[in-house]
Amino acid sequence: MSDLALPSLSAASLVLDVALLPSLIEPESLTGRTVVVVDVLRATTTIVHSLHNGAQKVLPQASIDSARKAHAAQPVDALLGGERGGRIVDGFHNGNSPIEYTPELISNKTLVLATTNGTVAMEQCRAAQRILIGAMVNLGAVARVVEDNPLITVVCSGTDGVITSEDVIFAGALMERIIENRQAAGKPTGQLTDTASIAVDHWKNVKQNMKSGTPLAEFFRNARGGINLVKIGHDDDIVFASRIDSLPVVPELDIESWSIRLTGN
Ligand code: MLT
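The sequence shown begins at 17 in the numbering used here and counts up by one.
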């Protein structure tokens, strides 16, 4: 990866913004924007992997109750997945581990998913023009889909209402990819908001340490979302979630039907 020259604040053909937590968003401010929702550990990584492995659609739900109701209205082979405290919910078929959603399990099925942070964050974004689902595993693919949109906001899900490093790492890495792609194509690189600059600085710092041999997963283990996962025995999910660009697909949340499918562009 090349060194990133930050765009000047005066070039405003493109605005790159980051909401460090869903609660920091004024929902109406997302009107007309392209939003990328991220919950690296683990909701958005799980959604990307499920759709990559052939899921027909994912229905994100903000509560356990609404998930049970949505699942009851689906075909009998639909799966009910999600977590509380990182663990599978009583009566649910599956948890929120990306690696459990294998092609054998998920192919051609609907997944109704309720998680503590990621699927709740999506609710804050209803006013957006488009909602895409990002994670480190599909970083480059998301960058390609959004890079020509004039107003892009990454919404970090956080963990239990607190900013968490792994989502900010994704936000910074995505900003960097968008700027690199646009520079390579000779397009103006636009303007970073203050929070976007903070995210880029955080990512640059992590990237520097990665060059010296520290794996990305190690940063995730020490982040708020990762500490709990290590404690409950899900280190394998952390390693999976740290594989940058391993899944070249982009899920999009259709705002009207509130369902997530793979986007064609
Ligand atoms: C969430 O959306 O709350 C997280 O993905 C929690 C988890 O790691 O399962």
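Heads up, the beta-carbon is just placed ideally off N, CA and C, and yes, glycines get one too.
Original post:
Taking all protein chains shown into account, do 16 or more other C-beta atoms lie within 10 angstroms of the C-beta of Asp-93, making it buried, or fewer, making it exposed?
Top reply: Exposed: under 16 other Cβ atoms inside 10 Å.
Original post:
In whole angstroms, what is the alpha-carbon distance linking Gly-102 and Thr-131?
Top reply: Using only the alpha carbons, I get a separation of about 8 Å.
Subject >> Gly-188, DSSP secondary structure in three states >> reply: Of the three classes helix, strand and coil, the one that applies to Gly-188 here is helix, per DSSP.
Original post:
Cβ-heavy atom distance between Asp-55 and the ligand MLT below 7 Å?
Top reply: Yes - the ligand MLT has a heavy atom lying nearer than 7 Å to the Cβ of Asp-55.
Subject >> Reduced DSSP secondary structure (H/G/I, E/B, other) of Ser-262 >> reply: Assignment of Ser-262 by DSSP, reduced to helix, strand and coil, places it in the coil class.
Subject >> Collapsed DSSP secondary structure at Gly-150 in the structure displayed >> reply: Three-state result, Gly-150: strand.
**OP:** Please list, in chain order, all residues of the same chain as Ser-181 whose beta carbon is under 6 Å from its beta carbon, the five residues on each side excluded.
**Re:** Around Ser-181, the same chain offers Ala-239 as residues with beta carbons nearer than 6 Å, after the five sequence neighbours per side are excluded.
Original post:
Is Val-170 closer than 8 Å to Val-54 when the C-beta atoms are compared?
Top reply: Val-170 is positioned such that its CB atom lies closer than 8 Å to that of Val-54.
Original post:
Within this structure, are the beta carbons of Ala-151 and Val-56 separated by less than 8 Å?
Top reply: Result yes, Cβ atoms of Ala-151 and Val-56 sit closer than 8 Å.
Original post:
Roughly how many angstroms separate the alpha carbons of Ser-262 and Thr-60, rounded to a whole number?
Top reply: Near 14 Å, if we compare the C-alpha coordinates of Thr-60 and Ser-262.
Original post:
If you drop the 5 nearest sequence neighbours on each side, which residues of the same chain put their C-beta closer than 6 Å to that of Ser-18?
Top reply: Residue placement at Ser-18 is flagged as unreliable, the pLDDT there being 40, under the threshold of 50; a coordinate-derived value is accordingly withheld.
Subject >> Identity of the residue in Arg-146, Ser-123 and Glu-99 nearest Asn-112 by Cα >> reply: When each option's Cα is compared against that of Asn-112, the closest is Glu-99.
Original post:
So, helix, strand or coil for Ser-275, using DSSP?
Top reply: Looking at Ser-275 - three-state DSSP - the assignment turns out to be strand.
**OP:** Specify the secondary structure class of Leu-36 as computed by DSSP and reduced to three states.
**Re:** In the structure shown, Leu-36 falls within a coil segment according to DSSP collapsed to helix, strand and coil.
Original post:
To the nearest angstrom, how far is it from the Cα of Val-31 to the Cα of Arg-193?
Top reply: Computed Cα separation, rounded: 14 Å.
Original post:
Are the Cβ atoms of Leu-75 and Ser-275 separated by less than 8 Å?
Top reply: When the beta-carbon positions are compared, Leu-75 and Ser-275 come within less than 8 Å of each other.
**OP:** For the beta strand (DSSP E) containing Gln-77, list its first residue and its last residue.
**Re:** Unbroken beta strand (DSSP E) run through Gln-77: 73-77.
Original post:
Looking at the structure shown, is Asp-176 part of a helix, part of a strand, or coil, going by DSSP?
Top reply: DSSP places Asp-176 in the coil class of the three-state scheme, outside both helix and strand.
Subject >> Terminal residues of the beta strand (DSSP E) in which Gly-97 lies >> reply: Boundaries of the beta strand (DSSP E) harbouring Gly-97: 95-100, taken from the DSSP string.
Original post:
Terminal residues of the continuous alpha helix (DSSP H) containing Asp-164?
Top reply: For Asp-164, there is no enclosing alpha helix (DSSP H), since its DSSP letter is neither H nor E.
Original post:
Considering only residues of the same chain and omitting the five flanking positions on each side of Met-191, which have a CB-CB separation below 7 Å?
Top reply: Spatial neighbours of Met-191 in its own chain (CB-CB distance under 7 Å, excluding positions within 5 residues in sequence) are listed in chain order as Leu-32, Leu-208, Ala-212, Ala-215 and Val-216.
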